[in-house]
Amino acid sequence: MNESITIGPSHHNKIYNWKIILAIIVLGAIAGIALLGQATPTGFFTSLPGAIAGEKTIQMTATLDRFPISAKGTYEELVLVYDSPNSVLKIDKSQLDVIGEQTLELRIINFKGKISLDSLNPKLVSLEGEATKFYINGIGQTSDKTVDLTAYGLEVKSLTLSGASLPSFSGEDMTGSISFNNGKVTFNLDAESFEFGPFIGIVRVLETGQVQLEGITNYAKAKGLNIGDELAQGTSTETNEPQTIGELSTPLPVIIPQDVELQETQDNTTETSDEITTQSNEGMVYVIEGHSNEEVQRECIDVGLSKGECEDFLGVE
Amino acid sequence: MSDKIKLKIKPSRIGFLSNYVLAGIFGGAYGGFTFFSEFNIFITILVAAGIAMLLLETEIFLMSKRWHITPEQIYFIDGVVKKNRTGIFLSTMTNVEVRQSGFERFLNVGKIELHGFQKDGPIVIPGVRHPEHVANEIEKIARGQSRAPNT
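First to last, the protein sequences are chains A and B.
My numbering puts the first residue of the first sequence at 1, with every later residue one more than the last.
My numbering puts the first residue of the second sequence at 1001, with every later residue one more than the last.
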């Protein structure tokens, strides 16, 4: 008898066999992937909003106990607040240092250069670059030419970098919290390694000594966390080691703390200027030949420069 | 052959209820998975392929298999485009049996086994609606007492 017309029990069992195998494969795969998702330490794969996974950039907010980085670039705005007597910042050849109990707020617009945060204490800031406009305690300072700004190990109360564009970061023993997509996903670090891609946004060094990042990146990685498409963006890190301010190898300047009050300094210079000028000095602390009172007031006196420093600053021989 | 056909038997769709139930289980499991988890393209393709295989098997079987019974022979016709026909003389048959599980009895579906002297075992016609009635008709035809032209 032709086998094709005999649909015997053995043949029928084979029909059921492939269905049983199919059922095991399909249901096993569904159960397996569902269990794998639940077994992820952070539950990240199950809680990750689809919008994040699909987007090339990730909104990230991080608060870290330290942020050892040295980055060269252009910053829209840089606000430094410091009051330590040992803190000094050089503007061209002049030195802007804290006198007495004074708190200085230096706001620099369109800073172009390198900024470094200390690897252990983010409140120790080094910067080296140039800007065309800056404000000291809210008083604007402008110049036709760019002004060099330099500081090494400047101990700040707070620092805000707006419009910062930082390279990829990778750090060990990082502690803090990170949230993505406006807090929809949060992640805590406890002395763990943390890595993220090129970052654009705001960096704040808070008075508490913590560093707050708020902006966008394209990937972030930590133990149990893997977000974003790292491979699509090329190399993930530029260096394996955290970068420190040691890269600014210029020796630290010697700072001589000034005990005198700011007003006294201005009075002394007034007397000196009286002797060398014939220009009207009514209401002026001192005057500089070849420069208007308004310019001297704006460029030197408001900044706190002495007459000699002012002459250097304005290029008077 | 067609003018002598006393009984035409084709499998019933309800005889493949297990395929539909399994496809439903796949769909339900996939729905639960996507509800509680993220969309997964691998699972989607696997479930779609599984359901398609089950439904296609049912439809192809229903379209391609026929059993025609004449006073002399039982013919098995197989194929959708290309058809094969094989016949066995009823005179070689010894008995007709109906097999039903409890659930098949509830649905009034079953398989008919035609036992005889075939070395490959009985002829099995699966998924037959009203199997008792059809088995009786086959017996009547075999005895040359057929009255029903079709089922």
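Heads up, the beta-carbon is just placed ideally off N, CA and C, and yes, glycines get one too.
Everything numeric in this text was worked out from a predicted model, so none of it was measured.
{"Asked": "Residue-level contact to chain B via CB, Ile21 of chain A, 7 Å cutoff", "Found": "no"}
{"Asked": "Leu1056 of chain B classed as buried or exposed, judged by whether at least 16 other C-beta atoms fall within 10 angstroms", "Found": "exposed"}
{"Asked": "Spatial neighbours of Lys223 of chain A in its chain, beta-carbon cut-off 6 Å, leaving aside the 5 residues before and after", "Found": "Glu192"}
{"Asked": "Residue-chain proximity (Ala191 of chain A, chain B), Cβ-Cβ < 7 Å", "Found": "no"}
{"Asked": "Beta-carbon proximity list for Tyr1030 of chain B, same chain, < 8 Å, skipping 5 on both sides", "Found": "Ile1043, Thr1044, Val1047"}
{"Asked": "Beta-carbon proximity of Ser170 of chain A to Thr61 of chain A, cut-off 7 Å", "Found": "no"}
{"Asked": "Limits of the beta strand (DSSP E) - the one that Val1021 of chain B falls within", "Found": "Segment 1017-1036 is the alpha helix (DSSP H) holding Val1021 of chain B; no beta strand (DSSP E) there."}
{"Asked": "Closer than 6 Å: Val296 of chain A CB and nearest the ligand ADP heavy atom", "Found": "In terms of ligand content, the structure shown is empty, and the ligand ADP therefore cannot be addressed."}
{"Asked": "Val125 of chain A versus A:Gly176, A:Pro68, A:Leu36, residue with shortest Cα-Cα distance", "Found": "A:Pro68"}
{"Asked": "Buried or exposed by the 16-neighbour rule on C-beta atoms within 10 Å, applied to Arg107 of chain A", "Found": "buried"}
{"Asked": "Below-7 Å beta-carbon distance, Asn1040 of chain B vs any chain A residue", "Found": "yes"}
{"Asked": "Ile216 of chain A to Val1021 of chain B span [Cα, whole Å]", "Found": "49 Å"}
{"Asked": "Cβ neighbour criterion (16 or more within 10 Å) applied to Gly315 of chain A", "Found": "exposed"}
{"Asked": "Contact set between Val1047 of chain B and chain A, taken where Cβ atoms lie within less than 9 Å", "Found": "Val26, Ala29, Ile30"}
{"Asked": "Status (buried if at least 16 other CB within 10 Å, exposed otherwise) for Lys1010 of chain B", "Found": "buried"}
{"Asked": "Chain-ordered chain A contacts of Met1053 of chain B [CB-CB under 8 Å]", "Found": "Leu22"}
{"Asked": "Complete beta strand (DSSP E) runs within the stretch 119-187 of chain A (minimum length 3 residues, chain order)", "Found": "124-136, 139-155, 158-166, 169-180"}
{"Asked": "Lys1065 of chain B to Val185 of chain A span [Cα, whole Å]", "Found": "57 Å"}
{"Asked": "Under 9 Å (Cβ pairs) to chain A, residues found in the stretch 1023-1038 of chain B", "Found": "Ile1025, Phe1026, Ala1029, Tyr1030, Gly1032, Phe1033, Phe1036, Ser1037, Glu1038"}
{"Asked": "Distance between beta carbons of Val1098 of chain B and Gly1116 of chain B, contact taken as under 8 Å", "Found": "Actually they are not in contact, since the Cβ atoms of Gly1116 of chain B and Val1098 of chain B sit about 16 Å apart, beyond 8 Å."}
{"Asked": "Ile276 of chain A (DSSP reduced to helix, strand or coil)", "Found": "Note on Ile276 of chain A: pLDDT 39, under 50, position unreliable in the model; the coordinate value appears next. If DSSP states are grouped into helix, strand and coil, Ile276 of chain A belongs with the helices."}
{"Asked": "Short CB-CB distance (under 7 Å) between Ser47 of chain A and chain B", "Found": "Because the pLDDT of Ser47 of chain A is 36, which lies under 50, any placement of that residue in the model is unreliable, and the number read from its coordinates should be weighed accordingly. Taking Cβ atoms only, chain B never reaches closer than 7 Å to Ser47 of chain A, which makes this a no."}
{"Asked": "7 Å Cβ cutoff, Ile227 of chain A in contact with chain B", "Found": "no"}
{"Asked": "Closer than 7 Å at the beta carbon, the chain A residues around Ile1069 of chain B", "Found": "Per Cβ cutoff of 7 Å: no residues; Ile1069 of chain B is ~13 Å from chain A at best."}
{"Asked": "Nonlocal neighbours in the same chain, by C-beta distance under 7 Å from Ala232 of chain A, ignoring five residues either side", "Found": "Note that Ala232 of chain A scores a pLDDT of 41, beneath 50, so its modelled location is shaky; the value from the coordinates is reported in the next line. Within the same chain, Ala232 of chain A has no close Cβ partners at all."}
{"Asked": "Length of the line joining the Cα atoms of Tyr135 of chain A and Asn188 of chain A", "Found": "37 Å"}
{"Asked": "Rounded C-alpha distance that separates His1133 of chain B from Thr1092 of chain B", "Found": "21 Å"}
{"Asked": "Cβ pair count under 8 Å reaching 3, the stretch 71-84 of chain A against the stretch 152-163 of chain A", "Found": "yes"}
{"Asked": "Chain-ordered chain B contacts of Ile33 of chain A [CB-CB under 8 Å]", "Found": "Phe1033, Ser1037, Asn1040, Phe1042, Ile1043"}
{"Asked": "Residue range of the unbroken beta strand (DSSP E) whose run includes Gly73 of chain A", "Found": "70-82"}
{"Asked": "Alpha-carbon to alpha-carbon, Phe1026 of chain B and Ile1112 of chain B", "Found": "30 Å"}
{"Asked": "Option nearest Gly209 of chain A by Cα separation, candidates A:Ala34, A:Val156, A:Thr146, A:Glu299", "Found": "A:Val156"}
{"Asked": "Three-state class that DSSP yields for Phe67 of chain A in the structure shown", "Found": "coil"}
{"Asked": "Straight-line gap, Gln1118 of chain B to Val1124 of chain B (C-alpha atoms, nearest Å)", "Found": "12 Å"}
{"Asked": "Neighbourhood of Pro1131 of chain B by C-beta distance below 6 Å, restricted to the same chain and skipping five residues each side", "Found": "Val1098, Gly1110, Ile1112"}
{"Asked": "Beta carbon proximity, Thr40 of chain A to chain B, threshold 7 Å", "Found": "Low per-residue confidence applies at Thr40 of chain A: pLDDT is 48, beneath 50, and the placement is therefore not dependable enough to give any value."}
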